[in-house]
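Trainee:
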Ligand code: PHE
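Laid out in structure tokens, this is it:
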């Protein structure tokens, strides 16, 4: 029996050591120490031994049992730690490796300038409005004193949408200007009003370096009592001075627009920008004007950018036509106001010296990353 016990011990220890998984180890445990395990059965046999052999055999069995249990525990521990090792190495991360570089985008130059424009006008008490890009013929034209027969319709080549005409508002068009938001806002809020409307507009034109079918404008509308063009002049002078007086204003524009040669000559604006009116025609204003701003690059002495006039054309404007006030439900006997519209896209191009409008919507990162 002693011999048999010795054999069982060696055999069991070898099998324990070979067991590579918790499951295999459990099988070995059952085989030797289970209820019908080999060692268990032998231990039960002790009872049948002659009296004098019992104590020695009993002790030996217990020693073997203990040795096996210890071996099981050790092996179990090894299996567990191997499992952990495997899990760890599967999830291994080289914390010293250089990180993967993610390209973080930034605000498009057009939006950057739009936010600045909004900030300056809201500081002056203007609300910022929005309107639909797919607009009715009514708001885009009729409501603005441009009936269907009016030759001024030819000033803006229009995209018409395939939409069943609506009796009151007519067909749908892609708005050719932000001006339709004038009547929409008057209808909704009445007078007095102070708003700007930045937004995209669309014209059915051939594309080249200075023309795009889609570009951005900023509309302005102020309606109140005793309003004159003098107020417009003051507001625009203030607006342009604040805009170009900023860190990235005039000097950035000078550098980019005229290259290194005259960049050093351009002085930052500190005396303020001047504005002037010239007569201009738009059916929805009377009188209508064009507003020019003094050229920042040459301080009105004349340069390539201002075509040696000292002035840059900036926007169309005028006193809101009584028919437009009427369309907006405002009594033109009590209230008057002015409206303006300038090209935000053009302002961005002027400011950064961009000479091809198509770059702005090209999605070309070599271009966009400069701003
Ligand atoms: N909507 C005009 C345009 O797109 C600009 C404008 C706006 C002129 C408001 C006068 C008053 O050309």
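Residue numbers (this note's numbering): 5 to 375.
Glycine included, every Cβ here is placed at the ideal spot set by N, Cα and C.
1. Quick one, which of 139, 156, 123 has its alpha-carbon nearest residue 285's?
2. Would you say the beta carbon of residue 289 comes nearer than 6 angstroms to a heavy atom of the ligand PHE?
3. Can you give, in chain order, each stretch of the alpha helix (DSSP H) that sits fully within the stretch 161-236 and has at least 4 residues?
4. Determine the direct distance from the alpha carbon of residue 113 to that of residue 251, and round the result to whole angstroms.
5. Counting C-beta neighbours from all protein chains within 10 Å, is the total for residue 88 16 or more, i.e. buried, or is it exposed?
6. Compute the Euclidean distance between the alpha carbons of residue 388 and residue 130, then round it to the nearest angstrom.
7. What's the C-alpha gap between residue 279 and residue 223?
8. If you run the structure through DSSP and keep just helix, strand and coil, what is residue 281?
9. With DSSP as the reference, label residue 115 as helix, strand or coil.
10. Drop a sphere of 10 angstroms on the beta-carbon of residue 265, count the other beta-carbons inside from all chains shown, and report buried for 16 or more, exposed for fewer.
11. Do residue 341 and residue 227 have their C-beta atoms within less than 7 angstroms of each other?
12. Shorter than 6 angstroms, the distance from the beta carbon of residue 156 to the closest heavy atom of the ligand PHE, or not?
13. Do you know how far the Cα of residue 356 is from the Cα of residue 102?
14. Looking at the strands, I want to know which residues DSSP matches up with residue 345.
15. Does DSSP put residue 374 in a helix, a strand or coil?
16. Could you compute how far the alpha carbon of residue 66 sits from the alpha carbon of residue 12?
17. Nearest to residue 75 by alpha carbon, out of 306, 18, 367, 248?
Mentor: Straight from the coordinates:
1. Numbered from 1 along the chain shown, position 281 holds the residue referred to as residue 285. The option with the nearest alpha carbon to residue 285 is 156.
2. For the purposes of this step, residue 289 is taken as the residue at position 285 of the chain shown. Flag set: Cβ of residue 289 near the ligand PHE.
3. 184-193
4. Within the chain shown, residue 251 is the residue found at index 247, counting from 1. Within the chain shown, residue 113 is the residue found at index 109, counting from 1. Reliability fails at residue 251, whose pLDDT of 49 lies under 50, so the model's placement of it is uncertain and the value that follows must be treated cautiously. As the crow flies, the alpha-carbon of residue 251 is around 15 angstroms from that of residue 113.
5. For the purposes of this step, residue 88 is taken as residue 84 along the chain shown, with counting starting at 1. Under the 10 Å beta carbon count, residue 88 is surrounded by fewer than 16 other beta carbons and is classified as exposed.
6. Nothing about residue 388 can be reported from this structure: the residues present for the chain run from 5 to 375 only.
7. For this step, residue 279 is matched to residue 275 along the chain shown. For this step, residue 223 is matched to residue 219 along the chain shown. Going by the C-alpha atoms only, they are around 18 angstroms apart.
8. Here residue 281 refers to the residue found at position 277 of the chain shown. Correct three-state label for residue 281: strand.
9. Translated into the one-based positions of the chain shown, residue 115 becomes position 111. Reduced to three states, the DSSP call for residue 115 is helix.
10. By one-based count along the chain shown, residue 265 stands at place 261. Unreliable placement is indicated for residue 265, whose pLDDT of 41 sits below 50; the coordinate value is still reported in the next sentence. So residue 265 counts as exposed.
11. If you number the chain shown from 1, residue 341 lands on position 337. If you number the chain shown from 1, residue 227 lands on position 223. Yes, these two residues count as a Cβ contact at 7 angstroms.
12. Within the chain shown, numbered from 1, the residue matching residue 156 stands at position 152. No, Cβ of residue 156 sits at least 6 angstroms from all heavy atoms of the ligand PHE.
13. By 1-based counting over the chain shown, the position of residue 102 is 98. By 1-based counting over the chain shown, the position of residue 356 is 352. Between residue 102 and residue 356, the C-alpha separation is close to 36 angstroms.
14. Along the chain shown, one-based indexing puts residue 345 at 341. BP columns for residue 345 point to 223, 320.
15. On the chain shown, residue 374 is found 370 positions in, with the first residue counted as 1. The DSSP-derived three-state label of residue 374 is coil.
16. By one-based count along the chain shown, residue 66 stands at place 62. By one-based count along the chain shown, residue 12 stands at place 8. Rounded to the nearest angstrom, the two C-alpha atoms are 13 angstroms apart.
17. Numbered from 1 along the chain shown, position 71 holds the residue referred to as residue 75. When each option's Cα is compared against that of residue 75, the closest is 18.
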